[in-house]
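> One structure, as structure tokens, below. Some questions next.
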Amino acid sequence: MNQYYNKIDLNLSDLDIDRIKGDPWEFYGHTFLQYVIKDTNYLNDLIKDRIQFGIEPQAVFYTEIIDTGVMIPHVDLATAVLNYYIESGDAITVFWEIVGQAQTRPLSSNRNGTVEHQGTMEFDIKDLRFAEKMCAQDHEAYLLNTGRPHSINKKPSKPNRKMIRWLWHDVAYEDVLASIHIPAGRPR
Ligand SMILES: [Fe+2]
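For what it's worth, our numbering labels the leading residue of the sequence shown as 485, then goes sequentially.
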């Protein structure tokens, strides 16, 4: 097991975004746009034979990321996030290890955001060292350890990222990973 991220064998390429993208929920700066799921029954029905969550996620959103994404190393309030990348934008997610006594502060981009991105704390790069990186393809899913410092590097020229995100708070990443079940004989 990788302690920063793990690929999850999930394909939802037959999904209909128009049935998923609901009302705006949270905008963070101009780059991070999070929407409620419009038709929860449709999404639950779509995934039920493909993935099962032993520990129920606290939230699920449809999210679009414009321009670069969050390039500042940070930790999120969520301890684990399952991202299903409808469009990955070829973005690279970098995970960092803390060196010594790192100072943290609320993510600075909050100042421009319309809504506080609660619990998101940013780091100084000098307090970190590179640990791991990953780059998802379209229609791939990854469970990310968002309680570890991470940053996103996306070229603005690449397509906007479009994702479904299942979030867990206060559950250890390892426990969420262990609880995810991919049924045999699932639709591909
Ligand atoms: Fe994050």
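Idealized CB from N, CA, C, for every residue including glycine. Quick caveat, the model's predicted, so the values are computed rather than measured.
For ASP498, which residues in the same chain have their Cβ closer than 7 Å to its Cβ, ignoring the five residues on either side in sequence?
Taking the sequence shown and counting its residues from 1, the one referred to as residue 498 is at position 14. Here the set comprises nothing.
> Quick one: using the 10 Å Cβ neighbour count with 16 as the cut-off for buried, is PRO640 buried or exposed?
Working through the sequence shown from its first residue, we reach residue 640 at position 156. PRO640 is exposed by the Cβ-count criterion.
> Closer than 8 Å to a non-hydrogen atom of ligand 1 - does that hold for the CB of HIS623?
Translated into the one-based positions of the sequence shown, residue 623 becomes position 139. It does not: the Cβ of HIS623 is nowhere closer than 8 Å to a heavy atom of ligand 1.
> GLY506 to ALA662, Cα distance in whole Å?
The count along the sequence shown starts at 1 and reaches residue 506 at position 22. The count along the sequence shown starts at 1 and reaches residue 662 at position 178. The straight-line gap separating the alpha-carbon atoms of GLY506 and ALA662 is approximately 30 Å.
> Report all residues from its chain with a CB closer than 8 Å to the CB of GLN621; omit the five preceding and five following residues, and keep chain order.
Residue mapping note: residue 621 aligns to position 137 of the sequence shown, counting from 1. Here the set comprises TYR569 and SER572.
> Nearest by alpha-carbon distance to ASP523: which of ILE501, TRP509 and GLU510 is it?
Position 39 of the sequence shown holds residue 523. The shortest C-alpha separation from ASP523 is found at ILE501.
> DSSP on ILE501, reduced to helix/strand/coil?
On the sequence shown, residue 501 is found 17 positions in, with the first residue counted as 1. Helix.
> Would a C-beta distance cut-off of 9 Å place ILE549 and MET647 closer than the cut-off?
Taking the first residue of the sequence shown as 1, we reach residue 549 at position 65. Taking the first residue of the sequence shown as 1, we reach residue 647 at position 163. Yes, the Cβ-Cβ distance between ILE549 and MET647 is below 9 Å.
> Shortest alpha-carbon distance to TRP580 belongs to which of LEU566, ILE556 and ALA564?
As a working mapping, residue 580 is identified with position 96 in the sequence shown. Measuring from the Cα of TRP580, the nearest candidate turns out to be ILE556.
> What is the C-beta distance between PHE607 and ALA575, in whole angstroms, given that I count them as a contact (C-beta under 8 Å)?
Within the sequence shown, numbered from 1, the residue matching residue 607 stands at position 123. Within the sequence shown, numbered from 1, the residue matching residue 575 stands at position 91. Not quite, the Cβ-Cβ distance comes to about 19 Å (not below 8 Å), so this is no contact.
> Quick check on the DSSP output: the alpha helix (DSSP H) that includes SER635 runs from which residue to which?
Counted from its first residue, the sequence shown places residue 635 at position 151. DSSP places SER635 in no alpha helix (DSSP H) but in the uninterrupted beta strand (DSSP E) bounded by 634-637.
> Does the region 520-540 touch the region 486-497, meaning 3 or more C-beta pairs lie closer than 8 Å?
yes
> Kindly provide the chain-ordered list of residues whose Cβ lies closer than 6 Å to any non-hydrogen atom of ligand 1.
Proximity annotation: ligand 1 has residues VAL554, HIS558, ASP560, THR630 and HIS634 in chain order, each selected because its CB is closer than 6 Å to a heavy atom of the ligand.
> Work out the CA separation of LEU651 and GLU624 for me, nearest whole Å.
The residue labelled residue 624 in the question sits at position 140 within the sequence shown. The residue labelled residue 651 in the question sits at position 167 within the sequence shown. Looking at the two C-alpha atoms, the distance is approximately 17 Å.
> Quick one: Cα of GLY597 to Cα of PHE511, how far?
As a first step, residue 597 is located in the sequence shown; it is residue number 113 there, counting from the start. As a first step, residue 511 is located in the sequence shown; it is residue number 27 there, counting from the start. Because GLY597 sits at a pLDDT of 44, beneath the cut-off of 50, its placement in the model cannot be relied upon, and the following sentence gives the value as read from the coordinates. Using only the alpha carbons, I get a separation of about 7 Å.
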